[in-house]
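**Q** 3 is the number of the first residue of the sequence shown in the numbering used here; add one for each residue after it. Ideal Cβ positions, reconstructed from N, Cα and C, are used throughout, including at glycine.
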Amino acid sequence: MAFICQQCKQPLQLDASLVDLAPSAYDMIVGSLPPQPNIQAPPSSEAEKLALLPAPSSAKAAWKSTRQANDLSQFPLSPRAQGKLPQRSALLPNESFVILQDSVIHNIPSHSSSVESGAAAPRKELPADNVDHVNPSPLSHHLRSTQRLLTLLSSRTDVDHPLCAECTHILLTSLTRQLEETKKEYEGYVAFEREVKKEKEREKEGLSPQEAQRKITRLKEDERIAIEQVHEAEREREQLAEELRSLELEEKALEEEEEEFWRSYNAHLLKSAEQSSQLASLRATYAADSATLERLERTNVYNDAFCIGHDGVFGTINSLRLGRVPGVPVEWAEVNAAWGQTLLLLYTIARKLDFTFENYRLVPMGSFSRVERTTGDKATYELYGSGDLHLGRLLHNRRFDFAMVAVLDCLKQLMNWVKSQDSSVEFPHQIVKDKIGDSSVKLQFNQEEAWTRALRHVLLALKILLKWTTSGNNG
Numbered sequence: 003m004a005f006i007c008q009q010c011k012q013p014l015q016l017d018a019s020l021v022d023l024a025p026s027a028y029d030m031i032v033g034s035l036p037p038q039p040n041i042q043a044p045p046s047s048e049a050e051k052l053a054l055l056p057a058p059s060s061a062k063a064a065w066k067s068t069r070q071a072n073d074l075s076q077f078p079l080s081p082r083a084q085g086k087l088p089q090r091s092a093l094l095p096n097e098s099f100v101i102l103q104d105s106v107i108h109n110i111p112s113h114s115s116s117v118e119s120g121a122a123a124p125r126k127e128l129p130a131d132n133v134d135h136v137n138p139s140p141l142s143h144h145l146r147s148t149q150r151l152l153t154l155l156s157s158r159t160d161v162d163h164p165l166c167a168e169c170t171h172i173l174l175t176s177l178t179r180q181l182e183e184t185k186k187e188y189e190g191y192v193a194f195e196r197e198v199k200k201e202k203e204r205e206k207e208g209l210s211p212q213e214a215q216r217k218i219t220r221l222k223e224d225e226r227i228a229i230e231q232v233h234e235a236e237r238e239r240e241q242l243a244e245e246l247r248s249l250e251l252e253e254k255a256l257e258e259e260e261e262e263f264w265r266s267y268n269a270h271l272l273k274s275a276e277q278s279s280q281l282a283s284l285r286a287t288y289a290a291d292s293a294t295l296e297r298l299e300r301t302n303v304y305n306d307a308f309c310i311g312h313d314g315v316f317g318t319i320n321s322l323r324l325g326r327v328p329g330v331p332v333e334w335a336e337v338n339a340a341w342g343q344t345l346l347l348l349y350t351i352a353r354k355l356d357f358t359f360e361n362y363r364l365v366p367m368g369s370f371s372r373v374e375r376t377t378g379d380k381a382t383y384e385l386y387g388s389g390d391l392h393l394g395r396l397l398h399n400r401r402f403d404f405a406m407v408a409v410l411d412c413l414k415q416l417m418n419w420v421k422s423q424d425s426s427v428e429f430p431h432q433i434v435k436d437k438i439g440d441s442s443v444k445l446q447f448n449q450e451e452a453w454t455r456a457l458r459h460v461l462l463a464l465k466i467l468l469k470w471t472t473s474g475n476n477g
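1. Please look up how many angstroms separate the CB atoms of L165 and Q8, rounded, as I've assumed it's under 8 Å.
2. Give me whichever residues DSSP pairs with E384 in a beta bridge.
3. Assuming G317 contacts L457 (C-beta within less than 8 Å), just tell me the rounded distance between them.
4. Does the beta-carbon distance from L340 to R326 come in below 8 Å?
5. Who are the near neighbours of A335 in its chain, counting only those whose CB is closer than 8 Å to its CB and skipping five residues on each side?
6. I believe I351 touches L468 by the beta-carbon criterion, under 8 Å. Please report the beta-carbon distance rounded to the nearest angstrom.
7. Who are the Cβ neighbours of A452 in its own chain at under 8 Å, not counting the five residues just before and after it?
8. What do you reckon, are the CB atoms on F5 and L23 nearer than 8 Å?
9. Between L416 and V460, how many whole angstroms is the CB-CB distance? I'm expecting something under 8 Å.
10. Beta carbon of T382, beta carbon of N361: below 8 Å?
11. Are at least three pairs of beta-carbons, each pair with one atom in the stretch 25-37 and one in the stretch 156-163, less than 8 Å apart?
12. Where do the N-terminal and C-terminal ends of the alpha helix (DSSP H) with L284 fall, by residue?
13. Compare the beta carbon distance of L464 and D403 with 8 Å and say whether it is the shorter of the two.
14. Could you work out which residue in S422, E384, N448 is closest to P366 when comparing CA atoms only?
15. So, under 8 Å CB-CB, T472 and Y349 are touching, yes? Tell me the CB distance rounded to an integer number of Å.
16. On the three-state DSSP scale, how would you describe G311?
17. Where do the N-terminal and C-terminal ends of the beta strand (DSSP E) with T377 fall, by residue?
18. Can you list the beta strand (DSSP E) stretches of 3 or more residues lying completely in the stretch 307-357, in chain order?
19. Which same chain residues, not among the five before or five after R455, have their C-beta less than 6 Å away from its C-beta?
20. Roughly how many whole angstroms lie between the Cα atoms of R265 and E258?
21. What are the start and end residues of the alpha helix (DSSP H) that includes V460?
22. I'd like to know whether the C-beta atoms of R363 and A405 end up nearer to each other than 8 Å.
23. On the CB-based measure, 16 or more other CB atoms within 10 Å of its CB, does Q12 come out buried or exposed?
24. Leaving out five residues before and five after F429 in sequence, what residues of the same chain have Cβ atoms less than 7 Å from its Cβ?
25. In angstroms with no decimal places, state the Cα-to-Cα distance between V434 and V407.
26. Indicate the three-state DSSP secondary structure (helix, strand or coil) for S156 in the structure shown.
27. Between D162, T184, G387, S278, which lies nearest to N338 when the distance is taken from Cα to Cα?
28. Applying the 10 Å Cβ sphere with the 16-neighbour rule, what's the burial state of L347?
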């Protein structure tokens, strides 16, 4: 048997104390219920009728106990509860009662003896259909008792039962409020009743015509004052109504102003968010550009354009070997290209330092670079060589030696100027005429190993100059 709350229609789980309700508690609950509403009581109660019957007191007591046991089925129900119960026919003859004498009552076996005798007697077989009805299980019996109790509560009160805990709390709150209001009404009625009693007492005492006239005059004056107060209250009400209309108009204007403010505020928020997004984008771009600028500032383009190193005994510039040694064939095209890069590096350093060479002008032209004199005969010396052995080539190689000596002279001028600017700069090899260190840069009448070593010293000096030029120490 499932129970649901009659207010919120949610399924309920009955408390164990309600499911296993003792008969005494059941009778106490039934006895505390109010009588059936809207039903007039009979002229005399059943107790009075029973007292009028000519029967012994023991018989009347036995009837009363039997009546109380069957009182649940005899409680009158409200019309609403009667509509929920199945229709019953009129009272049958076998549902009446008979008053027994004392001798008969004393011979009635008790309930316990009847149970014991019933246990000793052989059981009578019942039909299978009536087994559950005659001997119900304890759980179903308690559930039916609970159902009857809930039906009785619904019929005797204005609320359908059962109720869940939340609906019960709401009902108690409502009833408490009604109780407070009823108490206030009761106090008002009591005060009114006292006033009425006082008036009746004064009327009984009697008033003289003069006192009655004075009372009438006083009552008329009170009436006039009350009417004036009513008129004043009406005027105040109209004034308050006018103020209310004015306040409503002001409230409407304030609502429109508030709506306009929120629209402006939302637009401002959107614009602020857009500007914040743009600012974040600009900051990110600035950070990326700053990082790129910092990386570019750290980048030395001269080191990338003029990579000076060595390959064995050879000094190299941009992977081009500068020099020749026996047993290692180096083409003159590679040597000439290396000299072109070397002359270009010397020219670039001088231009960056805004330095002008004396007596010479450098003309970097790759593998066919040359050096021109600016004083005297203003001769031009080719800075590239050849392996041919004819007489014209021998004269050309001599001009090649003059060009290398001129380059060495320009390198010496630049080294001396740098030392004058920064005394901390040290060069490992000194230049004296056509020699750098202990090796000559002339190719004729010189060993190729010594010539290659001198060219390696030239590249080392240029590397030191390039580092000083790009380090920022030159101001």
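**A** This is what the structure holds:
1. Walking along the sequence shown from the start, residue 165 turns up at place 163. Walking along the sequence shown from the start, residue 8 turns up at place 6. In this structure L165 is in contact with Q8, their Cβ atoms being roughly 6 Å apart against a cut-off of 8 Å.
2. Within the sequence shown, residue 384 is the residue found at index 382, counting from 1. In the DSSP output, where bridge partners are listed per residue, E384 has R372.
3. By one-based count along the sequence shown, residue 317 stands at place 315. By one-based count along the sequence shown, residue 457 stands at place 455. With a contact defined as Cβ atoms closer than 8 Å, G317 and L457 qualify at about 6 Å.
4. In the sequence shown, the residue the question calls residue 340 occupies position 338. In the sequence shown, the residue the question calls residue 326 occupies position 324. Checking the sequence shown, residue 340 turns out to be Ala, not Leu. The answer is no: Cβ separation not under 8 Å.
5. Start at 1 with the first residue of the sequence shown, and residue 335 comes out as number 333. Once the five neighbours on either side are set aside, the close Cβ partners of A335 are S369.
6. To locate residue 351, count along the sequence shown from 1; it is residue 349. To locate residue 468, count along the sequence shown from 1; it is residue 466. Going by Cβ atoms, the distance from I351 to L468 rounds to 6 Å, so yes, they are a contact pair.
7. Counting from 1 along the sequence shown, the entry for residue 452 is found at position 450. Counting only Cβ-Cβ distances below 8 Å, and skipping sequence neighbours, we find S441, S442.
8. As a working note, residue 5 is residue 3 in the sequence shown. As a working note, residue 23 is residue 21 in the sequence shown. Not a contact, by the Cβ cut-off of 8 Å.
9. Numbered from its first residue, the sequence shown carries residue 416 at position 414. Numbered from its first residue, the sequence shown carries residue 460 at position 458. Wrong, their Cβ atoms sit about 12 Å apart, outside the cutoff.
10. Counted from its first residue, the sequence shown places residue 382 at position 380. Counted from its first residue, the sequence shown places residue 361 at position 359. Cβ distance not < 8 Å, so T382 and N361 don't count as in contact.
11. Using a Cβ-Cβ distance cut-off of 8 Å, the stretch 25-37 and the stretch 156-163 are in contact, since at least three pairs of beta carbons, one from each stretch, lie closer than that value.
12. Looking up residue 284 in the sequence shown gives position 282. Residues 211-300.
13. Locating residue 464 in the sequence shown gives position 462, counting from the first residue. Locating residue 403 in the sequence shown gives position 401, counting from the first residue. Cβ distance not < 8 Å, so L464 and D403 don't count as in contact.
14. Reading the sequence shown from its first residue, position 364 is the one you call residue 366. Answer by Cα proximity: E384.
15. The count along the sequence shown starts at 1 and reaches residue 472 at position 470. The count along the sequence shown starts at 1 and reaches residue 349 at position 347. Between Y349 and T472 the Cβ distance is about 15 Å, and since that is not below 8 Å, they are no contact.
16. By 1-based counting over the sequence shown, the position of residue 311 is 309. For G311, the three-state secondary structure derived from DSSP is strand.
17. Within the sequence shown, the letter at position 375 stands for residue 377. T377 -> no beta strand (DSSP E), and no H or E assigned at all.
18. DSSP runs (the beta strand (DSSP E)) wholly in the stretch 307-357: 310-313, 316-319, 322-324.
19. Taking the first residue of the sequence shown as 1, we reach residue 455 at position 453. S441.
20. As a working mapping, residue 265 is identified with position 263 in the sequence shown. As a working mapping, residue 258 is identified with position 256 in the sequence shown. Each residue's Cα considered, the two are about 11 Å apart.
21. As a position in the sequence shown, residue 460 is number 458, starting the count at 1. DSSP places V460 in the uninterrupted alpha helix (DSSP H) bounded by 450-472.
22. Here residue 363 refers to the residue found at position 361 when the sequence shown is read from its first residue. Here residue 405 refers to the residue found at position 403 when the sequence shown is read from its first residue. No.
23. Reading the sequence shown from its first residue, position 10 is the one you call residue 12. Around the beta carbon of Q12, fewer than 16 other beta carbons lie within 10 angstroms, which makes this residue exposed.
24. Working through the sequence shown from its first residue, we reach residue 429 at position 427. Only M417, A463, I466 meet the Cβ criterion.
25. Walking along the sequence shown from the start, residue 434 turns up at place 432. Walking along the sequence shown from the start, residue 407 turns up at place 405. Spanning the two alpha carbons is a distance of roughly 10 Å.
26. Position 154 of the sequence shown holds residue 156. Helix, per DSSP.
27. Working through the sequence shown from its first residue, we reach residue 338 at position 336. For N338, the nearest C-alpha among the options comes from G387.
28. Against the sequence shown, residue 347 aligns to sequence position 345. Buried, by the Cβ-count rule.
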